[in-house]
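Asker: Next up is a structure, given as structure tokens.
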Amino acid sequence: MTFRVQKTACSTCIYRKDSPLDLAKLEADVADPHGGFKGHRICHHSDDACCRGFWNRHKDEFPAGQIAQRLDLVKFVDVDTLAGKDGCHAV
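Counting the sequence shown from 1 gives a position; our numbering is that position plus 1104.
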């Protein structure tokens, strides 16, 4: 069993510096009221891999990320279920 994380952030990642989205609101959707996060963001280019932008920023702030790191179960994957659809692609 592994915890899958995208190898790279995709070109449309909500965590990129030029993202027009309200990141504070999006993070509030998965935030734990006691601190950290109750879950993680799945990359929209994947069915189950953690968003690389979320991982880079919050890997120590949610239980699955903490446990996977301690047990050396993090697997970086290159998954793109949207490749070629509407011009979307990972970078």
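For glycine and all other residues, C-beta sits at the position ideal for the given N, C-alpha and C.
Per DSSP, what kind of secondary structure is residue 1135 in: helix, strand or coil?
Answerer: Here residue 1135 sits in strand by DSSP.
Asker: Using the three-state DSSP reduction, which class does residue 1111 fall into: helix, strand or coil?
Answerer: In the structure shown, residue 1111 sits in coil (DSSP, three-state: anything other than H, G, I, E or B).
Asker: Could you tell me the boundaries of the beta strand (DSSP E) in which residue 1180 lies?
Answerer: Looking at the DSSP string, the run of the beta strand (DSSP E) that includes residue 1180 is 1178-1181.
Asker: Apart from the five residues just before and just after residue 1157, which ones in its own chain have a Cβ nearer than 6 Å to its Cβ?
Answerer: Closer than 6 Å at the Cβ level, and outside the excluded window around residue 1157, lie 1113, 1117 and 1119.
Asker: Would you tell me roughly how many angstroms separate the C-alpha atoms of residue 1163 and residue 1186, rounded to the nearest one?
Answerer: Computed Cα separation, rounded: 24 Å.
Asker: Any idea what DSSP makes of residue 1117, helix, strand or coil?
Answerer: DSSP places residue 1117 in coil when its eight states are reduced to three.
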